[in-house]
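Those protein sequences? They're chains A and B, same order as listed.
All residue numbers for the first sequence refer to my numbering, where the first residue is 1 and numbers rise by one.
All residue numbers for the second sequence refer to my numbering, where the first residue is 1 and numbers rise by one.
Note that the Cβ used here is the ideal one computed from N, Cα and C, for glycine as well.
Reading through the structure tokens given below for one structure.
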Amino acid sequence: MKQQKFISGNEAVAEGVRLASPHVIAAYPITPQTVVVERLAEMVEDGSLKAEFMHVESEHSALSACMGASALGARTFTATSSQGLLYLVECLHYASGGRFPIVMMNANRSLALPWSIYGDHRDSLSQLDSGWIQIYVEDAQESLDMVLQSFAIAEHPDVLTPVMINLDGFVLTHTYELVEIPDKEAVSGWLPPFKTNYAMDFVHPKNMGFSSQPSDNTEFKYQQHRAVLDSISVIEEVDASFGTAFGRSYGGLVEAYRCTDADLVVVSLGSTTGTCRTVVDDLRTTGWKVGVLKIRFMRPFPVEAVLNAIGHVKGVAVIDRDISFGYEGTVFTNVNSALSRGQHNIVKLNFIAGLGGRDISKSTIRTIFTKLQQGVEGEPVKTVEFIDLTVDTDE
Amino acid sequence: MNRPALKTLKKPLHIRDYPVGPSFEAGFLTTENSGWRSIRPVVDTDRCIGCWHCYLCCPDGTVFKNGRVIDIDYAFCKGCGICANVCPKEAISMVREHE
């Protein structure tokens, strides 16, 4: 029977994993992801989750263990954050190239130096090219639901690609919400056990993870690219079928809020979107035609969905909780590239905000809309701006 | 002797016929690797006492029993020289290839 629990984002992820019934969990604790690992260990201990919990000495080993289990056709899960994510980067490429449908939760956290345990998106966005599908969620319910959807997407025979679910560190991982926990039997019916033709066994021994020559390497990489592109339709199908089964769906790759008649749109990832919606509602009452576009998947990048949702507007401001030093925010690079394939000439601005856990407040977002309006009116504005700097920079 | 059989891999014509990720039938050998070798082991069968030490130590399983003495499968020997090194009777000498 489905029930409601007052739990944190981390606990919602653990509940989702319990419902997905993986065979193997291998994970190493790191702030702010630790609670996920603790809860899963407790569930295995008390028997509510019948899985093998592998204690490993590092994130590199955690993902390696998941790959080994996945090679045998097991459903696997791991979780990490920040420095831990970077420590397992070698295995990210191994897992995607090996077509192992591992699901990994990442608690978005800043990268050293300076050392910081607080949130931004520099960890996961630095890994867009690793071949993983990347999801950014907004609240605890979406976290739980996307754990379930992620297994369905990753294990789809047309996809066979690992999925990384990103939760904003602390803002989402440590905030408590009322979360609906689906019924275990209903989940088992919706998410059948993982079956693959590519698993290793004693009857059909396989050579796995072999090398390739220049004569074949490009074809393997093309195949991977196609699989991630093909995941677009799978993501939409899975979201729709999840909606039918559990009454909640998220719109697939993006979620557009009040964008249809908007002149100005802010683009955001993850938990910042909620604040943006509130500001949009406030500004709408005073006559501003504004909207917000939440990008739910950074890979595959939703080019068509972005164009459909905001290709008609006058101005787009992209909030990046990251910076590619010496250029611009990475979300902006991607959105800008997608919009450049459209017909309209749009003013596009990039705001670098929320680094190392700095709050992105309603007033920050109002300022962003004001600057975007100035840009649309032809006033001189910076294309890439660090907003909310607390010191003078002579710029 | 149970020598590995070489098979021919037909280059796929369509991407759907490619292995999904690097996963393929085990033991599908398409080439010999004798070309890696710069020196080759040569057995002095008069000195060999058939102790099979080299047979046990060969990392590629290319030493085989030929009657009371050993022989080498040159198609897969990479010329590492371990057999010559472990031989108690110095019955194996490493000879430069192409000489």
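### Query
So what does DSSP say about Gly68 (chain A), is it helix, strand or coil?
helix
### Task
Starting from the N-terminal side, write out each stretch of the beta strand (DSSP E) that is 3 residues or longer and does not extend beyond the segment 274 to 335 of chain A.
290 to 295, 297 to 299, 315 to 320
### Given Leu160 (chain A) as reference, the closest of A:Val228, A:Lys184, A:Asp183 once Cα atoms are compared
A:Val228
### Task
Give me the Cα-Cα distance between Lys382 (chain A) and Glu11 (chain A), rounded to the nearest whole angstrom.
Each residue's alpha carbon lies about 41 Å from the other.
### Query
Considering only residues of the same chain and omitting the five flanking positions on each side of Pro302 (chain A), which have a CB-CB separation below 6 Å?
Leu253, Val254
### Task
Flag Ala5 (chain B) as yes if its beta-carbon sits less than 7 Å from any beta-carbon of chain A, otherwise no.
Not closer than 7 Å to any Cβ of chain A, the Cβ of Ala5 (chain B) fails to qualify, so no.
### Query
Hey, Lys371 (chain A) and Asp183 (chain A): beta-carbon distance below 7 Å or not?
No, these two residues do not count as a Cβ contact at 7 Å.
### Query
What residues in its chain sit with their C-beta under 7 Å from that of Val36 (chain A), if we drop five residues either side in the sequence?
Taken in chain order, the residues that qualify are Asn10, Val13, Ala14, Ala79, Met105.
### Task
Alpha carbon to alpha carbon, how far is Phe28 (chain B) from Gly291 (chain A)? Give it in angstroms, no decimals.
So the two alpha carbons sit approximately 57 Å from each other.
### Residue-chain proximity (Gly98 (chain A), chain B), Cβ-Cβ < 7 Å
Interface residue, yes.
### Contact set between Asn207 (chain A) and chain B, taken where Cβ atoms lie within less than 9 Å
Pro22, Ser23, Phe24, Glu25, Ala26, Gly27, Phe28
### Query
Roughly how many whole angstroms lie between the Cα atoms of Gln134 (chain A) and Trp190 (chain A)?
22 Å
### Query
If you count every other CB in all the chains shown that lies within 10 Å of the CB of Asn350 (chain A), and 16 or more means buried, which is it?
buried
### Query
Relative to chain B, which residues along the segment 208 to 220 of chain A have a C-beta separation below 9 Å, given in chain order?
Met208, Gly209, Phe210, Ser211, Ser212, Ser215, Asp216, Glu219, Phe220
### C-beta neighbour in chain A for Tyr74 (chain B), strict 7 Å
no
### Query
Cβ of Tyr55 (chain B) less than 7 Å from any chain A Cβ?
no
### Task
Go ahead and pull the three-state DSSP assignment for Glu32 (chain B).
coil
### Query
So who's on the other strand from Pro4 (chain B), going by DSSP bridges?
Bridge partners of Pro4 (chain B) according to DSSP: none are assigned.
### Message
Which residues of the segment 153 to 164 of chain A have a Cβ closer than 8 Å to any Cβ of chain B? Give them in chain order.
### Response
Leu160
### Query
Can you give the Cα-Cα distance for Glu377 (chain A) and Leu339 (chain A), rounded to whole angstroms?
19 Å
### Query
From the beta carbon of Ile15 (chain B), is the nearest beta carbon of chain A less than 7 Å away?
yes
### Task
List in chain order: all unbroken alpha helix (DSSP H) runs of 4+ residues lying wholly within the segment 51 to 117 of chain A.
59 to 71, 82 to 87, 89 to 97
### Query
Of the choices A:Gly329, A:Thr272, A:Lys289, whose alpha-carbon is the least far from that of Ile365 (chain A)?
A:Thr272
#### Entry: Residues of its chain near Cys83 (chain B), where Cβ-Cβ distance is below 7 Å and the 5 sequence neighbours each way are ignored
Pro41, Cys54, Cys57, Cys58, Val63, Ile92
### Query
Is the CB of Gln223 (chain A) under 7 Å away from at least one CB in chain B?
Gln223 (chain A) has a beta carbon lying within less than 7 Å of a beta carbon in chain B.
### Task
Specify the secondary structure class of Ile181 (chain A) as computed by DSSP and reduced to three states.
DSSP places Ile181 (chain A) in strand when its eight states are reduced to three.
### Message
I'd like the ranges of any beta strand (DSSP E) spanning at least 3 consecutive residues and lying wholly in the segment 168 to 217 of chain A.
### Response
176 to 181, 206 to 208
### Task
Look at Val234 (chain A) and His156 (chain A) and say whether their C-beta atoms are less than 7 Å apart.
yes
### Task
Please confirm if Tyr198 (chain A) has its CB atom under 7 Å from at least one CB of chain B.
yes
### the segment 201 to 216 of chain A / the segment 13 to 32 of chain B touching (three or more Cβ pairs under 8 Å)
yes
### Task
Please state whether DSSP places Ile30 (chain A) in a helix, a strand or coil.
DSSP places Ile30 (chain A) in coil when its eight states are reduced to three.
### Task
May I ask you to report which of helix, strand or coil DSSP gives Gln373 (chain A)?
helix
### Query
Should Glu52 (chain A) and Val24 (chain A) be called a contact, given that it needs their Cβ atoms to be closer than 7 Å?
Less than 7 Å separates the beta-carbon of Glu52 (chain A) from that of Val24 (chain A).
### Message
Within 10 Å of its beta-carbon, does Ala27 (chain A) have 16 or more other beta-carbons around it, so buried, or fewer, so exposed?
### Response
buried
### Query
Do the segment 164 to 172 of chain A and the segment 93 to 108 of chain A meet, that is, are 3 or more Cβ pairs less than 8 Å apart?
yes
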